[in-house]
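Residue numbers (the working numbering), protein chains in the order written: chain A, 181 to 429; chain B, 181 to 429.
Protein chains: 2
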Amino acid sequence: MTYCVGILVRDGLVMIADTRTNAGVDNIATFRKLHLFEIPGERVITLATAGNLSVSQSVMSLLSDGIEDPVTGELETLLSVSSMFKAAQLVGRAVRQVYEMDGAEMEKHRTGFDVTILLGGQIGQGPMRLYQVYSAGNAIEATQDTPFLQIGEPKYGKPILDRAISHETELIEALKLGLISMDSTLKSNLGVGLPIDIVMAKRNALKAGITYRIQEDEPYFRDLRERWSAALRAAHQAIPHPPYVEEAL
Amino acid sequence: MTYCVGILVRDGLVMIADTRTNAGVDNIATFRKLHLFEIPGERVITLATAGNLSVSQSVMSLLSDGIEDPVTGELETLLSVSSMFKAAQLVGRAVRQVYEMDGAEMEKHRTGFDVTILLGGQIGQGPMRLYQVYSAGNAIEATQDTPFLQIGEPKYGKPILDRAISHETELIEALKLGLISMDSTLKSNLGVGLPIDIVMAKRNALKAGITYRIQEDEPYFRDLRERWSAALRAAHQAIPHPPYVEEAL
């Protein structure tokens with residue numbers, strides 16, 4: 181399993197991903213799922229991957245080596261495409277090429293061809309965008325109504341995002357909320373694990389303001405988890421008792 | 181979909197269930213999923229059901245009409261069994277009878293035989309217990325280490341329970357936490373809906389202290405939802421910024 185979340189707010193983009201992969205619960209390993217393609221001052225693009233590791237690694241390799249443009253015949257990479265929409269199409273083409281390469285054989289061995297990719301960033305004067313690319317190579321885009329996208333195991337970490345994230349949320353709060361959402365998932369799903377990778381980019385900065393890895397036992401993240409648990413306990417205790425219960429106790 | 185949660189703490193038992201059933205998203209209805217079998221002063225037993233509605237209704241009918249004891253030949257019901265363990269076995273036998281009746285035909289029509297039941301309560305001087313009975317009729321039991329069980333859609337409502345529920349949690353707090361857990365699920369899963377039914381029973385009271393239905397727009401539940409959302413927003417804002425971000429902003 182995997183948990184990655186991308187949050188696109190007014191002031192910028194946060195992307196957070198865990199690093200645990202597992203082939204069964206008795207075979208776990210650590211692989212980076214969050215990737216950065218950056219030409220500071222010109223573009224910042226970050227990708228997070230979920231699904232079959234061989235598929236997502238092949239997609240990343242194709243995106244680094246380049247994919248031939250079907251019209252011009254030129255090699256395109258995430259460092260050469262001219263817009264985020266074209267970047268999403270390029271990622272989709274990479275997914276489809278891997279499917280052509282490996283999909284049929286994988287299905288013979290009952291291994292589902294399964295990959296989902298978050299793609300966020302900004303190129304030049306274009307808008308900052310956040311996409312989710314599916315196994316079929318098609319994509320959806322985050323909007324002001326729904327400013328976050330999740331891949332992998334989304335459910336445990338969704339309630340806090342549903343309640344607290346809006347387009348107007350400050351970028352630093354979006355980062356903290358993403359970490360809280362990750363914490364909820366870590367607690368409940370053994371297939372999601374530390375270290376946690378973070379990329380944060382301010383809108384129009386055209387560079388990653390933060391690229392950071394939270395290791396096991398990092399004091400700030402441990403403190404955030406403890407404060408959050410304590411705050412939740414205080415919050416439910418502060419809610420009045422239901423009126424229909426008072427007389428029954 | 182469905183969401184039901186049972187919480188067994190030192191001072192008693194809380195069971196909470198939604199009432200929405202759906203056959204596809206375009207066919208929803210309201211059915212009670214939380215049931216009470218009670219002889220005040222002698223026993224209090226409550227059941228919550230998830231899964232295929234025809235299966236769970238048939239199980240409930242068998243439990244009311246009675247099932248023949250395989251040894252004595254006598255009809256047994258939840259009002260006649262002598263312990264909670266025997267109650268769990270009786271529910272398991274009911275599930276197996278329905279499977280014998282309908283299982284094969286349902287599978288012909290590609291309708292999975294799918295039912296899960298929470299069963300909690302206390303009989304006479306016996307211990308208060310909380311079980312989860314599966315489609316195969318087997319059961320697990322809540323313990324002091326894991327004092328809550330969930331059926332239906334468990335994931336959205338699990339993080340708050342994981343963080344806040346222990347065997348020592350006060351009964352009234354367990355109720356509030358169950359309602360918060362239900363709220364998180366209502367927000368994220370359209371297959372879970374109001375009204376919400378509640379049964380609460382103090383240990384050794386041998387009766388239901390509360391049987392209550394939360395209707396749409398009930399002021400206390402609306403207030404709880406708003407207070408909880410506000411508390412979460414305050415809580416994440418009160419967490420300090422990550423040290424690695426301060427310089428980047």
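Note that the Cβ used here is the ideal one computed from N, Cα and C, for glycine as well.
Note that the structure is a prediction, hence the values are computed from the model and not measured.
Residue i, DSSP secondary structure in three states
i: residue 237/A; result: helix
i: residue 314/B; result: coil
i: residue 290/A; result: coil
i: residue 277/A; result: helix
i: residue 224/B; result: strand
i: residue 190/A; result: coil
i: residue 378/B; result: strand
i: residue 354/A; result: helix
i: residue 197/B; result: strand
i: residue 396/A; result: coil
i: residue 211/B; result: coil
i: residue 246/A; result: coil
i: residue 419/A; result: coil
i: residue 299/A; result: strand
i: residue 348/B; result: coil
i: residue 272/B; result: helix
i: residue 425/A; result: helix
i: residue 319/B; result: strand
i: residue 284/A; result: helix
i: residue 391/B; result: strand
i: residue 383/A; result: coil
i: residue 365/A; result: helix
i: residue 410/B; result: helix
Distance, residue j Cα to residue i Cα
i: residue 357/B; j: residue 336/A; result: 16 Å
i: residue 280/A; j: residue 208/A; result: 28 Å
i: residue 239/A; j: residue 395/A; result: 26 Å
i: residue 355/A; j: residue 380/A; result: 8 Å
i: residue 268/B; j: residue 333/A; result: 33 Å
i: residue 424/A; j: residue 195/B; result: 15 Å
i: residue 346/A; j: residue 290/A; result: 40 Å
i: residue 388/A; j: residue 287/A; result: 38 Å
i: residue 420/A; j: residue 426/A; result: 10 Å
i: residue 190/A; j: residue 299/B; result: 48 Å
i: residue 236/A; j: residue 229/A; result: 6 Å
i: residue 214/A; j: residue 318/A; result: 20 Å
i: residue 301/A; j: residue 270/B; result: 58 Å
i: residue 260/B; j: residue 370/A; result: 42 Å
i: residue 285/A; j: residue 328/A; result: 34 Å
i: residue 216/A; j: residue 391/A; result: 9 Å
i: residue 204/A; j: residue 308/A; result: 37 Å
i: residue 407/A; j: residue 283/A; result: 45 Å
i: residue 166/A; j: residue 184/A; result: For residue 166/A there is no data in the structure shown, the boundaries of chain A being 181 and 429.
Chain A contact for residue i (CB, 8 Å cutoff)
i: residue 220/B; result: no
i: residue 417/B; result: yes
i: residue 325/B; result: no
i: residue 356/B; result: yes
i: residue 425/B; result: yes
i: residue 193/B; result: no
i: residue 342/B; result: yes
i: residue 364/B; result: yes
i: residue 188/B; result: no
Beta-carbon spacing of residue i, residue j below 8 Å
i: residue 351/B; j: residue 192/B; result: yes
i: residue 224/B; j: residue 272/B; result: no
i: residue 199/B; j: residue 212/B; result: yes
i: residue 413/A; j: residue 344/B; result: yes
i: residue 416/A; j: residue 398/B; result: no
The ligand ATP heavy atom lying under 7 Å from the CB of residue i
i: residue 360/B; result: Looking at this structure, you won't find the ligand ATP or any other ligand, since it has none at all.
Residue i at chain B interface by Cβ criterion, 8 Å
i: residue 392/A; result: yes
i: residue 400/A; result: yes
i: residue 205/A; result: no
i: residue 387/A; result: no
i: residue 422/A; result: yes
i: residue 336/A; result: yes
i: residue 360/A; result: yes
i: residue 353/A; result: yes
i: residue 374/A; result: no
Closest by C-alpha distance to residue i, when choosing among the options
i: residue 296/A; options: 275/A, 284/A, 310/A, 302/A; result: 275/A
i: residue 277/B; options: 248/B, 345/B, 299/B; result: 248/B
i: residue 187/A; options: 242/A, 387/A, 322/A; result: 322/A
i: residue 339/A; options: 330/B, 363/B, 210/B, 353/B; result: 363/B
i: residue 233/A; options: 330/A, 376/A, 411/A, 293/A; result: 293/A
i: residue 325/B; options: 226/B, 342/B, 318/B; result: 342/B
i: residue 331/B; options: 372/B, 282/B, 205/B, 263/B; result: 372/B
i: residue 303/A; options: 283/A, 253/A, 311/A, 265/A; result: 265/A
i: residue 305/A; options: 385/A, 417/A, 416/A; result: 385/A
i: residue 206/B; options: 197/B, 227/B, 181/B; result: 181/B
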